[in-house]
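As you go down the protein sequences, you meet chains L and U in turn. Using my numbering, read the first sequence as starting at 1 and increasing by one per residue. Using my numbering, read the second sequence as starting at 1 and increasing by one per residue. Notes for the one structure printed next.
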Amino acid sequence: MKRKIFLGLVMVSMVAFVVSAYAAEYPTKPVTLQVPWPAGGATDVGARILASIAEKKMGQPIVVINKVGAGSQVGLTETARQKPDGYYLGFVSVPALNTIILDPERKAVFDLEAFVPIINQVIDPGVIWVKADSPYNTLKDLIDDAKKRPAEIKASTTGILGDDHLAILMMEEAAGVKFRIVHLEGGAPQLAATLGGQVDVSFDNVGSVAPRVKAGQLRGLAVMDRERSKFLPDVPTTAELGYGTVISSSSRGILGPKGIPAPIIKKIQEVFLEAMKHPEHVEKMERAGLAIRPIVGDEYAKYLRDIQERCKALVEAARKAR
Amino acid sequence: MEAFQYWVQGFSVATLPTNLMFAFIGCVLGTLIGVLPGLGPAAGTAILIPITFNLDPIGAIIMLSAIYYGAMYGGTITSVLVNVPGEAASVITCLDGFQMAKQGRAGPALGISAIGSFIGGTFATFALMVVSLPLATFALRFGPPEVFALLVVGLSLVTGLSGRSLLAALIMTFFGIMLAMIGMDPVRGAPRFTFGITPLYDGVGFVPVVMGLFGVGEILISMEKPVLEIIKTKLKDLLPKREEWKVSAGAIGRGTILGFFLGLIPGIGAIIPTFVAYVVEKKVSKHPEKFGTGVIEGVASPETANNSYANGALVPLLTLGIPGSPTLAVLMGAFIIHGLTPGPFLFKERPDVVWGLIASLYLGNIMLLVLNLPLVGFWAKLLEIRYQYLYPGILLFCILGAYSLNQSVFDVGVMVAFGVLGYIFRKLDWPLAPTVLALILGPMMERALRTSLEISGGDMSIFITRPISAVLLILAAIVLISPAVRGVAKRAGKD
């Protein structure tokens, strides 16, 4: 009798061992994907679309949560201090990540090294736009007026030290003009302020304004990229118009806390890359006006470092202007 | 005439069995989200967006709007029953609603909320159909200086919340403003008063503070009484008395109009219409001193205002594509995910979606009324659970709610700390509502002030040179000075 019990126990433990070896393969429980921006915004929309498609391949639910605050600093701080086991990933938007790190007043507890870049999802080029009945029909109109009235033309951003703000500074330098910069919080107040005539021109990203420009509610003056955006084919680029140095975009991707084991990173990258290429993802992002540009692993890390370099000078300029 | 045709078309879309079902599910889910403290309508709606991925766009939008709506009502239930506002807009309802519940009148309080919400929402839906673009475009003229002036008016309403001591109300207001300063500077992003604690970067957290001051504070106060009587509610007490219907009618009327028009101004937030409606009601009332002790108009007015606001806020969203609040931004995100960008062209290109939504809102109003009125008796009975079980239950409920906000124990700690503070303030008989008002309005005012100055290049006269803001500031001055003037006049009259 005792022998049978002993054998039984041995068998049970062997089975448990084998089963747990299976179970040890990532992922064995839901994965959290944190978005450091409010629900409903461009980053959040992109993240939710991606998560809903990726979870099928992942085999476990991908739970999107929002941890808003301090221009994504709260969420990023949270991601940086999580256990690097691959079950907590964070969305990041750039250059917000970099300006937080570079601005000493923000007292960020992390730097680029605190994260492992996994994969980029979207690169959303910046665009300069006005309301449909604005007196400015082209970028030239705007710049000419800006030269005549220094520091009077009100240009709005969606947030201080965001890509829009840096873009305005680049434009000022390239065209030799000065705007009166007004910082608003997000796309919705910016839309209200521009349509209501509170500001004269706005800097934002293609994804936020493309459908409205197409429908004629807004007019795009220039896309701040080297090639025309397929969402705004009739809007010239800053490169075409002679301002080739004014290239700006907001990109969004996924990071993890530093130290996630390499095989798990690889698995995560595979899952998300496949999801990004999936026709359903492509279609939904297309309808949302967001341009997909997957950049994986080391290449993404280099991309982030390059942006950080470019931001250094601009952040200094912005801080001096305060 | 064309509008009528669209209206009919809208109804034909809204009454499709599948869409009716989506609206129903949305109402139920929304009410649940509203009842659970902490999980606000914005987060709740966002979480439920993926459920709608597999639905057709119209069905999805209908369901999400019903959730938004239902959440507005759900927040009321907890405000009345246990003095814990389910979400920001329900704070004012606690003042009279909870007092009514303590007197065994939870039924009428909840009932009049449901009815007022229905009337307010229905009227606002009609207005939405008729009014749309020109009014929304006018509302765009409310730029940062006008919003600042409006917020100053809002803050000046504190005088209407003062109860016995104006001085106490002012002290509590400034306390609220001090709390509002904690966090990241809205313009420069530098942290203030955070003492290096990362969760404080975003401020002290409105929901934990309110849950602490009102909910936990109430529990602590009740612990003082040695024996607590159970509140018994008789069935016939479930409906408002005849006199109450009469005064409520006026309150509902005023609340509807105020709520709708304030909803047209983007960026105001749901809490301001409720405060404004309450204070206005108090000022026109024949017995203002009774407010805060459990008068039914004190419940009818804000509840109507907040549903009519919810509809009014849809006007800028549907006509211009501008979401007036975080929850609406989530709704707009949902629109976008389904390939529809709200704005003037949506009206033109997909009238079936827009009118279907509007018709569905109307039906949603009816559904909420039908769903909630019968449940009033059930909710009132809940209060009959013995206190030794009820109060720990409420405490648990609050702790879960506070934790659920950001999965952070810090928020729970904040709530408990403010619970203790709430207890102290209650013992001193100092009003809590001004602190809450200041906590909400403070950051908004600061942002509006600084953005206005960015627009004017540092010139303070912008507030006076722009007509709308000048008028509003004068109004604020009148509201602030009038109690003092009246006080002086009374004393002069006595001599």
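Even for Gly, the Cβ is constructed at its ideal location relative to N, Cα and C.
To the nearest angstrom, how far is the alpha carbon of F148/U from that of M445/U?
For this step, residue 148/U is matched to residue 148 along the second sequence. For this step, residue 445/U is matched to residue 445 along the second sequence. Cα-Cα distance, rounded: 6 Å.
Short of 9 Å Cβ to Cβ, which residues in the region 33-51 of chain L face chain U?
Look at the region 33-51 of chain L: the residues with a C-beta under 9 Å from a C-beta of chain U are P38, A39, G40, G41, A42, D44, V45, R48, I49 and A51.
L76/L classed as buried or exposed, judged by whether at least 16 other C-beta atoms fall within 10 angstroms
As a first step, residue 76/L must be located in the first sequence, where it is residue number 76. By the 10 Å Cβ count, L76/L comes out buried.
Can you tell me which of the three DSSP states L33/L falls into?
Position 33 of the first sequence, counted from the first residue, corresponds to residue 33/L. Taken through DSSP and simplified to helix, strand or coil, L33/L comes out as strand.
Is L255/L helix, strand or coil by DSSP?
Position 255 of the first sequence, counted from the first residue, corresponds to residue 255/L. Correct three-state label for L255/L: strand.
Would you call A448/U buried or exposed, if buried means 16 or more other Cβ atoms sit within 10 Å of its Cβ?
Within the second sequence, the letter at position 448 stands for residue 448/U. With at least 16 other beta carbons inside 10 angstroms of its own, A448/U counts as buried.
Taking I336/U as the query, report the chain L residues whose CB atoms sit under 7 Å from its CB, ordered along the chain.
Here residue 336/U refers to the residue found at position 336 when the second sequence is read from its first residue. Going along chain L in sequence order, the residues near I336/U (Cβ under 7 Å) are V45 and A288.
Here's the rule: buried if 16 or more other CB atoms are within 10 angstroms of the residue's CB, otherwise exposed. What is A21/L?
Here residue 21/L is taken as the residue at index 21 of the first sequence, counted from 1. Residue placement at A21/L is poorly supported in this model, since its pLDDT is 45, which falls under 50; the coordinates still yield a value, given next. Result: exposed.
Indicate the three-state DSSP secondary structure (helix, strand or coil) for R228/L in the structure shown.
Residue 228/L sits at position 228 when you count from the first residue of the first sequence. DSSP places R228/L in coil when its eight states are reduced to three.
Closest Cα partner of D71/L within the set P261/L, T158/L and P30/L
To locate residue 71/L, count along the first sequence from 1; it is residue 71. Inspection of the sequence shows that residue 71/L is occupied by Gly rather than by Asp. Proximity to G71/L across P261/L, T158/L and P30/L peaks at T158/L, based on C-alpha coordinates.
Can you confirm whether Q121/L, when its beta carbon is compared against all beta carbons of chain U, has any partner nearer than 8 Å?
In the first sequence, the residue the question calls residue 121/L occupies position 121. No, Q121/L lies away from the interface with chain U (no Cβ there is under 8 Å from its Cβ).
Thinking just about the alpha-carbon of each residue, which of F335/U, D96/U and A88/U is nearest to the one in T293/U?
Position 293 of the second sequence, counted from the first residue, corresponds to residue 293/U. It is D96/U.
What residue does the beta strand (DSSP E) around G90/L start on, and which one ends it?
Numbered from 1 along the first sequence, position 90 holds the residue referred to as residue 90/L. Y88 to V94 is the extent of the beta strand (DSSP E) around G90/L.
Check each candidate in L191/L, L161/L and D298/L and name the one with the smallest Cα separation from S248/L.
As a working mapping, residue 248/L is identified with position 248 in the first sequence. Ranking L191/L, L161/L and D298/L by CA distance to the CA of S248/L puts L161/L first.
Exposed or buried, A23/L, counting other C-beta atoms within 10 Å across all chains shown (16 or more means buried)?
By 1-based counting over the first sequence, the position of residue 23/L is 23. Low per-residue confidence applies at A23/L: pLDDT is 41, beneath 50, and the placement is therefore not dependable enough to give any value.
From what residue to what residue does the beta strand (DSSP E) around R149/L run?
Within the first sequence, residue 149/L is the residue found at index 149, counting from 1. Looking at the DSSP string, R149/L is not in any beta strand (DSSP E), and its letter there is neither H nor E.
Counting only runs of 4+ residues fully inside the region 157-207 of chain U, write out the alpha helix (DSSP H) ranges in chain order.
Scanning the region 157-207 of chain U for uninterrupted alpha helix (DSSP H) segments of 4 residues or longer gives 166-181, listed from N- to C-terminal end.
Proximal residues of chain U, C-beta to C-beta of G69/L below 7 Å
Taking the first residue of the first sequence as position 1, residue 69/L is located at position 69. When 7 Å is used as the limit between beta carbons, G69/L is near these residues of chain U: Y201 and D202, in chain order.
List in chain order: all unbroken beta strand (DSSP E) runs of 3+ residues lying wholly within the region 78-134 of chain L.
88-94 and 115-131, all fully within the region 78-134 of chain L.
Would you mind giving the Cβ-Cβ distance between P30/L and V63/L, rounded to the nearest angstrom? I have them listed as a contact below 8 Å.
The residue given as residue 30/L occupies position 30 in the first sequence. The residue given as residue 63/L occupies position 63 in the first sequence. At roughly 5 Å, the Cβ-Cβ gap stays under 8 Å, so P30/L and V63/L are in contact.
Contact the region 406-423 of chain U vs the region 134-151 of chain U: 3+ CB pairs below 8 Å
Three or more Cβ pairs closer than 8 Å define a contact, and the region 406-423 of chain U falls short of that threshold against the region 134-151 of chain U.
Mind checking M460/U: buried by the 16 CB within 10 Å criterion, or exposed?
Within the second sequence, numbered from 1, the residue matching residue 460/U stands at position 460. Answer is exposed; the Cβ neighbour count stays below 16.
Report yes or no: is there a C-beta of chain U within less than 8 Å of the C-beta of A193/L?
Taking the first residue of the first sequence as position 1, residue 193/L is located at position 193. Interface with chain U (8 Å Cβ-Cβ cutoff): A193/L is included.
As assigned by DSSP and simplified to three states, the class of V235/L:
By one-based count along the first sequence, residue 235/L stands at place 235. Of the three classes helix, strand and coil, the one that applies to V235/L here is coil, per DSSP.
By the criterion of Cβ-Cβ separation under 8 Å, what are the contact partners of A190/U in chain L?
Here residue 190/U refers to the residue found at position 190 when the second sequence is read from its first residue. Here the neighbours are E105 and R106.
Residues of the region 417-429 of chain U with Cβ closer than 7 Å to any Cβ of chain L, in chain order:
Residues of the region 417-429 of chain U whose Cβ lies closer than 7 Å to any Cβ of chain L: none.
Looking at chain L, is there any beta carbon in it that lies within less than 8 Å of the beta carbon of L320/U?
To locate residue 320/U, count along the second sequence from 1; it is residue 320. Yes, contact with chain L.
Residue of T465/U, A71/U, G107/U and Q388/U minimising C-alpha distance to K225/U
By one-based count along the second sequence, residue 225/U stands at place 225. From the listed residues T465/U, A71/U, G107/U and Q388/U, the smallest Cα separation to K225/U is found for Q388/U.
Quick one: list the residues of chain L neighbouring F345/U, beta-carbon separation under 9 Å, in chain order.
As a first step, residue 345/U must be located in the second sequence, where it is residue number 345. Within chain L, the residues placing a beta-carbon under 9 Å from that of F345/U are P211, R212, K214, A215, G216 and Q217, ordered along the chain.
Who are A155/L's beta bridge partners in DSSP?
The residue labelled residue 155/L in the question sits at position 155 within the first sequence. Answer by DSSP bridge pairing, in chain order: I181/L and V201/L.
According to the Cβ coordinates, are T76/U and L213/U closer than 8 Å?
Looking up residue 76/U in the second sequence gives position 76. Looking up residue 213/U in the second sequence gives position 213. It is not a contact, given that the beta carbons lie outside the stated cut-off.
Residues of chain U with CB under 7 Å from R228/L, in chain order?
In the first sequence, the residue the question calls residue 228/L occupies position 228. Neighbours of R228/L on chain U: none; closest Cβ ~21 Å, over 7 Å.
Should L140/U be flagged as near chain L, meaning a C-beta pair shorter than 8 Å?
The residue labelled residue 140/U in the question sits at position 140 within the second sequence. Look at L140/U: its C-beta is under 8 Å from a C-beta on chain L.
Quick one: is Q73/L near chain U, going by C-beta distance under 8 Å?
What you label residue 73/L is simply residue 73 of the first sequence in a count that begins at 1. Yes - at least one Cβ of chain U is within 8 Å of the one on Q73/L.
Residue range of the alpha helix (DSSP H) that includes I49/L
Within the first sequence, the letter at position 49 stands for residue 49/L. DSSP places I49/L inside the alpha helix (DSSP H), whose first and last residues are A42 to M58.
The region 451-465 of chain U: positions lying closer than 8 Å to chain L by Cβ
Flagged, chain order: T451, E454, I455 and G457.
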